[in-house]
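Reviewing the structure listed below.
In the working numbering, the protein residues as written are 33 to 449.
Written out as structure tokens, the structure is:
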């Protein structure tokens, strides 16, 4: 998708940041999540508009990285947690410090005694002044930011953030998940970004991570015992889920590195576009089908190359130390039987070369629920159902926007609706 490719490229520092590139989103609401290797940007249009979701990699170590490039670093700022702030301007160079962690360079700014990542400021710049940041949360290197367009400010309420570690002893923050939930008009949505257990033979550990995150995230503002899967109308789950392909000898002997023959055969399948064949041995698809993880979640059609494990260059060149795999995923679940999320596109731009993961993105159409109110009309009253529809409109610049159309259906006790 050219719009989101341009956002990804601009935010990563290539091509150079321009004023035009800052106006590249078509979303009413957006969330951006960052895992230790990959991250996600979710742009959700409430009222049946488009939701754009993309995951993208963190930066590799680069001594010449600018503040803009540093905005995609994977290291987390100390402190923090959930916030509810409007966009602030970028910080001066004088307040910046640079940290290196596991080969990842991150520029940070010290603001009021607390550290704030400069990449967060750059994301605000990229989203533009037409959006405000609803909330943000992070845990270690896993991050989630939620942006909403200014004209839906009054429609957003009940914002909550939560986090759950699943690393060593259940406290290490290198693995786990973070979440943000909110209400848009009468529609409730939860976003989750997670980084699950790595390595070829740890499917069961990934499933356990998933269950721990479900149990640990506390996002339901109603105070019920419902978990994140059932407390909301829609759930969008993104991140480095780390599920691999059980291909060749690794199907029976899940070694960390593939044989040379299996690696060569896998790369050939990728080059020939045999993605459906690869997905037949995808661990995540298998676990969902067996109802061992991500029950009720769906995914768009995958017609792109595996996002892992890449050599850090443009295009798709894989590291022979690992089998190519679809580690980075975007899943969604709707708890409305007659209103399901629809996938418009699911893609992976190949020109981003800052990580051993490629970005993955999607555009989704997310339906909304209707609101029912009592009409106190003198003639006898009735029930009025109110809702909002949204049409995607194409602007002359090639970017999109949404037009909200209020709709109502009045039902009078003495008349047929």
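Where is the CB? At the ideal position from N, CA and C, for every residue including glycine.
Close-in-space but distant-in-sequence residues of the same chain around residue i (CB under 7 angstroms, 5 per side omitted)
i           : result
residue 314 : 275, 277, 358
residue 317 : 311
residue 205 : 171, 172, 197, 199
residue 320 : 326, 329
residue 301 : 309, 310
residue 118 : Its pLDDT being 29, under 50, residue 118 is placed unreliably by the model, and the measurement read from it follows with that caveat. Within the same chain, residue 118 has close Cβ partners 164, 165.
Integer Cβ distance of residue i from residue j, believed to fall under 8 angstroms
i           : j           : result
residue 198 : residue 259 : Not quite, the Cβ-Cβ distance comes to about 15 angstroms (not below 8 angstroms), so this is no contact.
residue 350 : residue 299 : 6 angstroms
residue 241 : residue 228 : 4 angstroms
residue 453 : residue 379 : Nothing can be reported for residue 453: it is not among the residues displayed for the chain, which extend from 33 to 449.
residue 169 : residue 224 : The Cβ separation is near 11 angstroms, so there is no contact.
residue 246 : residue 208 : Wrong, their Cβ atoms sit about 12 angstroms apart, outside the cutoff.
residue 354 : residue 289 : 7 angstroms
Nearest neighbour of residue i, chosen from the options [CA to CA]
i           : options            : result
residue 286 : 236, 165, 251, 331 : 236
residue 252 : 331, 336, 215      : 215
residue 376 : 370, 367, 340, 334 : 334
residue 172 : 156, 154, 195      : 195
residue 388 : 371, 332, 272, 401 : 272
residue 232 : 279, 224, 366      : 279
residue 220 : 268, 374, 306, 160 : 268
residue 390 : 348, 152, 263      : 348
residue 183 : 193, 175, 161      : 161
residue 261 : 399, 155, 368, 151 : 368
residue 176 : 342, 226, 159      : 226
Same chain, Cβ closer than 6 angstroms to residue i, neighbours up to 5 away in sequence not counted
i           : result
residue 470 : Because the chain spans 33 through 449 in this model, residue 470 falls outside it and cannot be assessed.
residue 338 : 356, 357, 358
residue 178 : 63, 166, 167, 212
residue 383 : 346
residue 187 : 216, 217
residue 163 : 179, 181
residue 331 : 363
residue 230 : 274
residue 374 : 397
residue 372 : 366
residue 193 : 114, 167, 169, 212
residue 305 : none
Beta carbon of residue i nearer than 7 angstroms to that of residue j
i           : j           : result
residue 303 : residue 291 : no
residue 295 : residue 352 : yes
residue 360 : residue 392 : yes
residue 266 : residue 189 : no
residue 324 : residue 257 : no
residue 222 : residue 264 : yes
Proximal residues to residue i (C-beta, below 8 angstroms), its chain only, five neighbours per side dropped
i           : result
residue 185 : 164
residue 293 : 280
**OP:** Just list the beta strand (DSSP E) runs in the region 193 to 267, keeping only unbroken ones of 3 residues or longer that don't cross its boundaries, in chain order.
**Re:** If we require 3 residues or more, the beta strand (DSSP E) runs fully inside the region 193 to 267 come out as 208 to 216, 219 to 227.
Subject >> Every unbroken beta strand (DSSP E) within the region 266 to 310, with a cutoff of 3 residues, ordered by chain >> reply: Correct list: 266 to 272.
Original post:
Whole beta strand (DSSP E) runs in the region 376 to 404 with 3 or more residues, listed along the chain?
Top reply: Counting whole runs of 3 or more residues, the region 376 to 404 contains the beta strand (DSSP E) stretches 392 to 398.
Original post:
In the region 310 to 364, which residue ranges form an unbroken alpha helix (DSSP H) of at least 4 residues, counting only runs that do not cross its ends?
Top reply: Runs found: 315 to 321.
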